[in-house]
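Read through the structure below, which is laid out as structure tokens, and then see the notes.
In our numbering, the protein residues as written are 44 to 149.
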């Protein structure tokens, strides 16, 4: 890396947009610094179809279900059937579990 304060001669060329030519010594040839951001060429394409991982819905905790039911007055009525159809269980845990919240790792 070259600091701009080390440069003796700076040059911008019309035909090389986004590039800065510089010398750190009068006796050397110009070196080039490229300021054009390269576009990501390694972008992972989004899959056309996603396969179904499971046909079973995982239950939410009874406490979470009760909290959601208490919020129904603030949710549009067209969405109520979705929330009412959620499966709940006293054995289901939330993420992060309440145990993790009580004993956070330091």
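Every residue, glycine too, gets a C-beta built ideally from N, C-alpha and C.
Kindly indicate which residue of the options has the alpha-carbon position closest to the one of residue i.
{"i": "residue 70", "options": "96, 50, 130 and 132", "result": "50"}
{"i": "residue 112", "options": "97, 99, 74 and 128", "result": "128"}
{"i": "residue 131", "options": "45, 54, 109 and 44", "result": "109"}
{"i": "residue 136", "options": "114, 107, 118 and 116", "result": "107"}
{"i": "residue 126", "options": "54, 116 and 134", "result": "116"}
Check the DSSP bridge columns for residue i and list the partner residues they point to.
{"i": "residue 64", "result": "54 and 75"}
{"i": "residue 103", "result": "131"}
Indicate whether residue i and residue j have their beta-carbon atoms separated by less than 9 angstroms.
{"i": "residue 65", "j": "residue 73", "result": "yes"}
{"i": "residue 75", "j": "residue 63", "result": "yes"}
Determine the burial state of residue i: buried for a count of at least 16 other Cβ atoms within 10 Å of its Cβ, exposed for fewer.
{"i": "residue 145", "result": "Reliability of the predicted coordinates at residue 145 is poor, the pLDDT of 49 falling under 50, and no value is obtained from them."}
Report task. Could you tell me whether the segment 61-77 touches the segment 98-113, where touching means 3 or more Cβ pairs closer than 8 angstroms? Result -> no
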